[in-house]
Amino acid sequence: MLGGEGRKGRGSADQRDEQPNPFTRALSPDIYCYDHICIGRFGGRIASIQSSKQLMFISKLNPGSKQEGTMNKELFSKEGRSLTVSVALPSGEPDRELELQYADGRIIGNGSFGVVYMAKVVNTNEHVAIKKVLQDKRFKNRELQIMRRLNHQNVVKLKYFFYTTGDKKDDLFLNLILEYIPETVYRVSRHFNKQRQNIPMIYVKTYMYQVFRALAYIHSLGICHRDIKPQNLLLNSKTSVVKLCDFGSAKVLTPGEPNVAYICSRYYRAPELIFGATDYTTSIDVWSAGTVLAELLLGQPFFPGDSGVDQLVEIIKVLGTPTREEINKMNPNYTTFRFPSIRPHPWQRVFRPRTPNEATDLVSKILKYTPTSRLTPLEAMAHEFFDELRQPGCVLPTKTSLPPLFDFTEDELQYIGELKEKLLPNTNGETSSTPSTSEVIQKGGEA
């Protein structure tokens, strides 16, 4: 039987591999223990909360240790209200008090995970996004644990976090305060499609290079995002900086540990997920990134489908019918293979006639049935499709400079290894075999 239809909802079987932390009564009927944290009802004034009739707070069990954060009665549904809370920092530094001004109830995202609000930190006058998710009291929040580890310019930054209660007695919500970036690659792509225009190739290169750089970083930590799609690629339209967001499905993959196949959004699911694999690797993210690249080149989703079977049919139309060896590499436990024999479609005929050969070649080296045959994120970054970005004087169509692409950290340089020479900008004056966007325009082609 083929795998599930798409991204899992929260609280699925995938949480079985999380570390359990059940709430248990302790100390008094009004105090509950949660891992090393206690939650209770106290009469003391911990934080100033407008119109709040109930205060709750979280503190470490160890006497004299710092507070982890503040909880308050749910107030988010009231438009334009400000809230003063004690927030915890991802780094573990002492908690600090922030005043949050919600933007008249403006919701900038929602789904099975919860709701994302736009707000302003009054203390600093900066806008932030606050992702509110229902906390399963049986488990640690995996998204929070992962985001506290991340620090990269192409990954959205977790600034603070705090907890709130809701209308129901047992509701507990985790609130992640994230840097606010208003645009996404998805909306930019849709804008060009509505104008019946192609995204300039230099933008496709700039965006996708940063996506692969973000993947190289999180994969070096053993983290698999498991929901790569244009909607989860935040974009600063002024600087063209791209940041990977929404780690609600992310997980540290451990060899030998099973994972759910019912993961990742439809259209972007790797074929091994459709075949029900549970021992997949971070290469599922690479497949998803490849479909995003193909979508930007084509102007529409590359493998659309209303179900797992439909999506697999779309994949077979392009890649041809997988061999039994390829199926075995995707999921050795899958034995009910019954598909007609279809030849692969020539890649040159898949995209528009003027699509650069380098772009087609990169997609073809990523979208492979066998997970181990796909390029790694670093290998994708070193591909000649991105050579233009490494050329001196390369600028965006607005005549502005490229965003920082080659300011590799010490940690990045360690896992880049032998690919360093291919990834660093060309400084010796040699010309690339890949024509620049300006050269293409001068010759009358499409950029």
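Following full-length UniProt numbering from start to finish, the sequence shown increments by one per residue and tops out at 447.
We put the CB at the ideal spot given by N, CA and C, even for glycine.
Small disclaimer: the values here were computed from a predicted structure and weren't measured.
Residue interval of the alpha helix (DSSP H) (run including residue i)
{"i": "residue 173", "result": "Residue 173 -> not in any alpha helix (DSSP H); beta strand (DSSP E) instead, spanning 172-179."}
{"i": "residue 168", "result": "Careful: residue 168 lies outside any alpha helix (DSSP H) and carries neither H nor E."}
{"i": "residue 243", "result": "From DSSP, residue 243 is part of no alpha helix (DSSP H) but of the beta strand (DSSP E) over 241-244."}
{"i": "residue 290", "result": "283-298"}
{"i": "residue 421", "result": "420-423"}
{"i": "residue 257", "result": "Here residue 257 belongs to no alpha helix (DSSP H), and DSSP marks it neither H nor E."}
{"i": "residue 263", "result": "Where residue 263 is concerned, there is no enclosing alpha helix (DSSP H), given that its DSSP letter is neither H nor E."}
{"i": "residue 329", "result": "324-330"}
{"i": "residue 411", "result": "410-416"}
{"i": "residue 142", "result": "142-147"}
{"i": "residue 274", "result": "271-274"}
Through-space distance from residue j to residue i, alpha-carbon basis
{"i": "residue 400", "j": "residue 426", "result": "19 Å"}
{"i": "residue 51", "j": "residue 173", "result": "Confidence in residue 51 is poor, its pLDDT being 29 and thus under 50, which makes the residue's placement unreliable; the coordinate value appears in the next sentence. Rounded to whole angstroms, residue 51 to residue 173 spans 19 Å at the Cα level."}
{"i": "residue 351", "j": "residue 360", "result": "8 Å"}
{"i": "residue 196", "j": "residue 225", "result": "32 Å"}
{"i": "residue 202", "j": "residue 97", "result": "43 Å"}
{"i": "residue 300", "j": "residue 92", "result": "43 Å"}
{"i": "residue 189", "j": "residue 238", "result": "16 Å"}
{"i": "residue 72", "j": "residue 283", "result": "Because the pLDDT of residue 72 is 46, which lies under 50, any placement of that residue in the model is unreliable, and the number read from its coordinates should be weighed accordingly. Going from the Cα of residue 72 to the Cα of residue 283 covers about 41 Å."}
{"i": "residue 232", "j": "residue 150", "result": "16 Å"}
{"i": "residue 143", "j": "residue 249", "result": "7 Å"}
{"i": "residue 183", "j": "residue 230", "result": "11 Å"}
{"i": "residue 240", "j": "residue 396", "result": "9 Å"}
{"i": "residue 394", "j": "residue 405", "result": "12 Å"}
{"i": "residue 355", "j": "residue 384", "result": "14 Å"}
{"i": "residue 417", "j": "residue 372", "result": "19 Å"}
{"i": "residue 358", "j": "residue 386", "result": "9 Å"}
{"i": "residue 66", "j": "residue 85", "result": "Its pLDDT being 35, under 50, residue 66 is placed unreliably by the model, and the measurement read from it follows with that caveat. Rounded to the nearest angstrom, the two C-alpha atoms are 15 Å apart."}
{"i": "residue 247", "j": "residue 157", "result": "11 Å"}
{"i": "residue 322", "j": "residue 378", "result": "26 Å"}
{"i": "residue 274", "j": "residue 304", "result": "13 Å"}
{"i": "residue 170", "j": "residue 334", "result": "42 Å"}
{"i": "residue 115", "j": "residue 341", "result": "45 Å"}
{"i": "residue 244", "j": "residue 235", "result": "9 Å"}
{"i": "residue 83", "j": "residue 121", "result": "10 Å"}
{"i": "residue 390", "j": "residue 204", "result": "15 Å"}
Residue i in three-state terms, based on DSSP
{"i": "residue 393", "result": "coil"}
{"i": "residue 228", "result": "coil"}
{"i": "residue 191", "result": "helix"}
{"i": "residue 101", "result": "strand"}
{"i": "residue 383", "result": "coil"}
{"i": "residue 212", "result": "helix"}
{"i": "residue 183", "result": "strand"}
{"i": "residue 450", "result": "What the structure shows of the chain is the stretch from 1 to 447, and residue 450 is not part of that stretch, so it cannot be assessed."}
{"i": "residue 307", "result": "coil"}
{"i": "residue 312", "result": "helix"}
{"i": "residue 203", "result": "helix"}
{"i": "residue 378", "result": "helix"}
{"i": "residue 368", "result": "coil"}
{"i": "residue 363", "result": "helix"}
{"i": "residue 318", "result": "helix"}
{"i": "residue 349", "result": "helix"}
{"i": "residue 113", "result": "coil"}
{"i": "residue 400", "result": "coil"}
{"i": "residue 218", "result": "helix"}
CB-CB length for residue i against residue j, believed under 8 Å
{"i": "residue 161", "j": "residue 146", "result": "With 8 Å as the limit, residue 161 and residue 146 do not qualify as a contact, their Cβ atoms being about 12 Å apart."}
{"i": "residue 152", "j": "residue 217", "result": "5 Å"}
{"i": "residue 293", "j": "residue 242", "result": "With a Cβ gap of about 13 Å, residue 293 and residue 242 do not count as contacting."}
{"i": "residue 366", "j": "residue 260", "result": "Actually they do not touch by this definition, with Cβ atoms about 23 Å apart."}
{"i": "residue 180", "j": "residue 118", "result": "7 Å"}
{"i": "residue 316", "j": "residue 302", "result": "No, residue 316 and residue 302 are not in contact; Cβ-Cβ is about 13 Å, not under 8 Å."}
{"i": "residue 186", "j": "residue 175", "result": "The Cβ separation is near 25 Å, so there is no contact."}
{"i": "residue 326", "j": "residue 370", "result": "5 Å"}
{"i": "residue 222", "j": "residue 253", "result": "6 Å"}
{"i": "residue 212", "j": "residue 380", "result": "5 Å"}
{"i": "residue 413", "j": "residue 422", "result": "No, residue 413 and residue 422 are not in contact; Cβ-Cβ is about 13 Å, not under 8 Å."}
{"i": "residue 113", "j": "residue 133", "result": "6 Å"}
{"i": "residue 277", "j": "residue 330", "result": "6 Å"}
Limits of the unbroken beta strand (DSSP E) element including residue i
{"i": "residue 124", "result": "Where residue 124 is concerned, there is no enclosing beta strand (DSSP E), given that its DSSP letter is neither H nor E."}
{"i": "residue 160", "result": "158-165"}
{"i": "residue 405", "result": "No beta strand (DSSP E) holds residue 405; DSSP gives it neither H nor E."}
{"i": "residue 87", "result": "82-87"}
Can at least three beta-carbon pairs, one atom from the segment 265-274 and one from the segment 299-319, be found at a separation below 8 Å? yes
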